[in-house]
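Report on the structure given below.
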Amino acid sequence: MNIQDNSRYHQVHARSLKDPIGFWGEAAREIDWIEPAKKVFDPAMGIYGRWFADAVVNTCYNALDRHVLGGRADQVALIHDSPLAGTVTKFTYSELLKEVQALAAVMVDFGVVKGDRVILYMPMVPEAVVAMLACARIGAVHSVVFGGFAAKELATRIDDATPKLIFSASCGLEPGRIVQYKPLLDEAIKLASTKPEACIILQRQQQACELVAGRDHDWAKLRRAALAAGKAAPCVPVSATDPLYILYTSGTTGIPKGVVRDNGGHLVALKWSMFNLYGVAPGEIWWCGSDIGWVVGHSYIVYGPLFHGATSIMYEGKPVGTPDAGSFWRVIAEHKAVALFTAPTAFRAIKKEDPDGKLIRKYDLSKFRTLFLAGERADPPTVAWAEAQLKVPVIDHWWQTETGWCIAGNPVGLGMLPVKHGSPTVPMPGYQVEIVDEAAKPVPAGTMGSIVIKLPMPPACLPTLWQQDERFREAYLTEFPGYYKTSDAGYKDEDGYLFVMGRTDDIINVAGHRLSTGGMEEILASHPDVAECAVLGVHDAIKGEVPCGFLVLKAGVSRTAADIEKEIVALVREKLGPVAAFKLAITVARLPKTRSGKILRGTIKRIADGEAWTMPATIEDPKVLDEIGEALKGRV
Ligand code: COA
Ligand code: AMP
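Under the numbering used here, the first residue of the sequence shown is numbered 374, with each subsequent residue one higher.
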């Protein structure tokens, strides 16, 4: 393919690597600093250097106050659209600021100060955005825990972040059921060894909950009182390198990694991305259909669009079933969104229900310009279907919780490059992406290898893991000296296009959600009847991958395998949460292993997926693979 084009991309990317200080120093002019950085990058600070090291700033000021002062007071900042609740609620920039100032004042009254951690365990309601921005306003560090995680996962995060305060709600809404959050919160606080001083609970009208006397407080009452008293907390100046938030993500064990995001670099990179990558102008309407519990939701439901003075849509619903596969088009048409950012899994779900796109044609999508996909590899058939149906560019882009924004994408604002299906296109500014072999040596074009990023990482990327510098070094920086290890594998083609093909660790991607099979194995192994187990991701037409657990039962277990398998499925739901979509547990007599005792997960996966496989040379007993094939019959 000839990729000669009119895009400014090549020039911009080259400059960002040649002159990073000049490049990011210029990008930083888009931000209102209390004190701008004298040193755009300090290589001596932190683990691999820090961006905007000596600058002072406030993230909430840049998201709200400056737009109110700068003429956007009456522009809608946030549209909350909930087909599950049957409501659409809009907040202008000045209304959102007022809410945030009042809630921040409530937090100050609870004694929350700069640097304190605050956990949010919230459904997709606008109050969650208000709480995130209120934390940012007073320099508190928020940690949002996705509502689909169970009590034990929440407890682990409470113990790691040691929050002073927790924001939660009585319930979340899922199609056909109300998810009671409060019992999960109570159980998590019981399990955790650190207790929060207070919880602020939003009573949703769909289902109220009991409040624990002395600990729980009614959100609406506190809000009303603060507004009536005219309370409004001012912005607290923070260091650009101070943490804005901690977001936990799956590691290779059951203990999640607390990814730290700073204030300054995050502001600069996200602001830069809104026009240059996503092609969105201030004042336009943007929709990111993720959940605030994931990094995509943090960056592009809340922060990026508000830094940019755009209008952000927050959606409490699903791509299908709320009420049908036309809901995405209804939202785009009704609110006049110019772009949508979602996960490929959502499109696979829509395509299954509405293969000919009949529902698409029911809506006026004339304002809609671009579809962005991320969270998992955008498979070429899904991209081709979306292109044909929507007749707009469909752009896959690759990133991780750790980076906070796109590593490789197709920059619409700089001028789009030709799309190649299966590729998220090219590295964004500041990212020098290499494909390397085991000795950290770059491999030729077309050769698969580990994908690594040359240090230093650009602004917004994680400076470390929360209070775990050593784990950060070990997990990301040690294996390929001088580089950040992404744990993704792939290749570059002759045009420099990147192809990200899969993880090199035991992380699987279920409906765009990142999950650790190691963490699930820990849960399976905790069952008293399980002697040995292995969990791996098997192909699923909608979710991409779903977990499948293989169990070897202890000798002498008298109950039926079917009963134990049911218990295992329930146990994963109870300990990890429904988001794991763990529905398949299969009992086998033995697991296939190498002579050195390593479970042959890759081979099991290929058998389960019906792919061609070869007998591993090091296998202990080849017959075990026939047994696995038999056990899988009729199950996947
Ligand atoms: N609180 C409580 N439970 C939740 C939840 C939340 N916030 N979010 C999901 N769940 C539950 C669901 O109800 C479901 O439970 P079930 O097993 O009882 O059905 C389970 O967790 C799995 O949820 P989900 O992954 O949403 O699958 P689904 O089958 O309900 O829907 C899709 C499938 C493809 C429509 C859906 O996964 C989807 O829209 N994915 C988009 C993913 C995305 O945006 N990812 C962000 C990365 S960019
Ligand atoms: P998360 O940290 O939850 O955002 O998950 C990050 C992981 O999801 C990456 O390391 C990849 O394995 C996968 N991923 C996300 N986006 C893409 C993409 N566009 N193409 C391929 N893999 C992706």
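Glycine included, each C-beta is placed from N, C-alpha and C at the ideal position.
Being a predicted model, the structure only gives us computed values, none of them experimental.
Spatial distance of Leu763 from Thr684 (CA atoms): 22 angstroms
Could you give the first and the last residue of the continuous alpha helix (DSSP H) run that contains Trp667? No alpha helix (DSSP H) holds Trp667; DSSP gives it neither H nor E.
Near the ligand AMP: Glu760 beta-carbon under 6 angstroms from a heavy atom: no
Can you grab the Cα-Cα spacing for the pair Asn375 / Pro951, in whole Å? Below a pLDDT of 50, predicted positions are generally treated as unreliable, and Asn375, at 43, falls in that range; the measurement from the model is reported next regardless. Going by the C-alpha atoms only, they are around 46 angstroms apart.
Three or more C-beta pairs under 8 angstroms: does that hold for the region 517-532 against the region 940-951? yes
Is the beta carbon of Phe853 closer than 7 angstroms to that of Val816? no
Have a look at Asn431 and Thr622 and give me their C-alpha separation to the nearest angstrom. 25 angstroms
Run through the DSSP bridge pairs and tell me what Ser685 is partnered with. Leu451 and Trp659
How would you write the range of the beta strand (DSSP E) that Asn379 sits in, first residue to last? First-last for Asn379: undefined, no H or E at that position.
By alpha-carbon positions, which one of Gly682, Gln580, Val669 and Ala586 ends up nearest to Thr465? Gly682
Is Thr622 near the ligand AMP, judged by its Cβ being under 6 angstroms from some heavy atom? yes
7 angstroms CB neighbourhood of Met988 in its chain, flanking five on each side removed: Pro995
I'd like to check one pair, His515 with Tyr676: are the Cβ atoms closer than 7 angstroms? no
Could you say which of Ile808, Glu847 and Gly855 lies nearest to Ala862 if we only look at CA atoms? Ile808
Which runs of the beta strand (DSSP E) at least 3 residues long sit entirely within the region 560-598? Give them in chain order. 571-575 and 589-591
Looking only at DSSP bridge pairs, what is Trp702 linked to? Per DSSP, none; premise fails for Trp702.
Can you give the Cα-Cα distance for Lys858 and Lys814, rounded to whole angstroms? 13 angstroms
Where does Thr715 land, buried or exposed, given buried means 16+ other C-beta within 10 angstroms? buried
Assign Ser739 to one of three DSSP states: helix, strand, or coil. coil
Leu469 versus Asp810 - alpha carbon distance: 50 angstroms
Which value, in whole angstroms, describes the spacing of the CA atoms of Arg634 and Ala601? 34 angstroms
Roughly how many angstroms lie between the CA atoms of Val711 and Arg968, to the nearest whole one? 56 angstroms
Nearest-angstrom Cα separation, counted from Val486 out to Ala475: 15 angstroms
Taking just the CA atoms, how far does Ala504 sit from Ala477? 8 angstroms
Please classify Asp999 as buried or exposed, where buried requires at least 16 other C-beta atoms within 10 Å of its C-beta. exposed
Considering only the beta carbon of each residue, do Pro832 and Gly422 sit closer than 7 angstroms? no
Report the rounded CA-to-CA distance for Thr960 versus Ala981, giving the unit in angstroms. 14 angstroms
Would Asn882 and Gly922 be called neighbours here (beta carbons separated by less than 7 angstroms)? no
Proximity winner among Val765, Trp702, Lys604 and Ile686, relative to Val481 (alpha-carbon distances): Lys604
Exposure label - Pro754; buried when at least 16 CB within 10 Å: exposed
Does Leu617 come out as helix, strand or coil in the three-state DSSP assignment? strand
Have a look at Asn636, Lys594, Ala593 and Leu595 and flag the residue whose alpha-carbon is nearest the alpha-carbon of Pro610. Asn636
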